[in-house]
Amino acid sequence: MSLNDENSEKMSAAATEIAALSAEAILSGLSADNQDRKIIVLDETDSTNNEAKKLAAEGAPHGTAVIADSQTSGKGRLDRSFVSPAGKGLYMSVIIRPEFDIKYAPMITSAAAVAASIAVEELCGCEVQIKWVNDLYINGKKISGILTESAVNSGGKSLEYAVIGIGINICSITEHLDEELKLRASSIEDETGNIPDRNALCAAVLNELDTWLGKIEDRSYITEYRQREFLTGKRITAESGGKIISGTAVGIDRNANLMVELSNGEIINLNSGESSQKIN
């Protein structure tokens, strides 16, 4: 190997290094009125959501954030796993104790999707789209997923707490994906050439969450969600309530539900489930 080749390899390795996680570095990036937020950084955990739920049940305050370098059992929606190799991404969960009525709880995930999208856009200068309801995409490839889990108080009229789990693939994870996942999953690095600092990205997500979760009750965040949502106008199939439906996505309603027009002209509003673009 020549000296030039060796230097080239070193430069290539350096280019793909990712900053170590640091509670102090994350706190330094938070807004001035947010400096008392509790930040917990772990080398490894089974799931940051599991850890955060445990802390929430023990009384951890609103805003507590759990961030891990890796997850051994990262959780996605519909009991799927979220691949979470060490040093490759941002895996975080945030405890919130909302005061709004429980009817707004289903909107937490979509508001979090707006927050995470804007954070990635600000740090990477790229366009981020949202695939209803909880996945972030760049260039048609998934780079992030969001999972919200919650507990209802004894009266059943409000949430005791909610845990918002956000996983963002930062560095290339191709070697960790099976052939099927390679077709639809990617990373910020693979799609943009950028490797944002994890601590800065975490702080940006936390700052944006504070902003957009506060816009759930008046639904003003929906405008931002609609601007990024990319299924509208496309033929899709969707699973909801154990049933498969086909139709055309025609928009997002005021509750962040996906509106789908069926072949008979009927429009149904999906508030949960899984959707995919139909290839004709």
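Take the sequence shown: its letter number 107 is residue 110 in the working numbering, and every next letter is one higher.
Glycine included, each C-beta is placed from N, C-alpha and C at the ideal position.
| Asked | Found |
| --- | --- |
| Option in N202, E152 and E269 with minimal Cα separation from S25 | N202 |
| Proximity below 8 Å, CB of N210 to CB of I191 | no |
| N202, enclosing alpha helix (DSSP H) - first and last residue | R201 to L216 |
| Any alpha helix (DSSP H) of 4 or more consecutive residues that is wholly inside the region 82-169 | 111-127 |
| Rounded straight-line distance, which links the Cα of L45 to that of S243 | 36 Å |
| Cβ-based burial, Q74 [other Cβ within 10 Å; buried from 16] | buried |
| Integer Cβ distance of L234 from L273, believed to fall under 8 Å | Incorrect: roughly 10 Å between the Cβ atoms, too far for contact. |
| V131 beta carbon less than 8 Å from that of R231 | yes |
| Where the alpha helix (DSSP H) through A26 begins and ends | A26 to S31 |
| D104 burial status per 10 Å Cβ neighbour count (16 or more: buried) | exposed |
| Anticipated Cβ contact below 8 Å, S175 with D193, distance rounded | 5 Å |
| Whole-Å CB distance - T48 paired with I111, under 8 Å assumed | Incorrect: roughly 22 Å between the Cβ atoms, too far for contact. |
| Residue nearest to A71 in terms of C-alpha spacing, selected from T214, I98, D221 and I43 | I43 |
| Residue of K41, V155 and K91 minimising C-alpha distance to E178 | K91 |
| Selection from L93, N142, L180 and D39 that minimises the alpha carbon distance to A122 | L93 |
| Nearest-angstrom beta carbon gap, A108 and Y228 [assumed within contact, 8 Å] | That pair is no contact at about 16 Å. |
| Residue burial classification, D138 (beta-carbon count within 10 angstroms, cutoff 16) | buried |
| Classification of S50 by the beta-carbon crowding that lies within 10 angstroms, buried from 16 upward | buried |
| Cβ shell of K218 (< 8 Å), same chain only, five flanking positions each side left out | A114 and Y224 |
| Distance between N267 and W215 (C-alpha atoms, nearest Å) | 37 Å |
| Residues bridged to I270 (per DSSP) | E264 |
| Nonlocal neighbours in the same chain, by C-beta distance under 6 Å from A89, ignoring five residues either side | D72 and S73 |
| Limits of the beta strand (DSSP E) - the one that E47 falls within | I42 to T48 |
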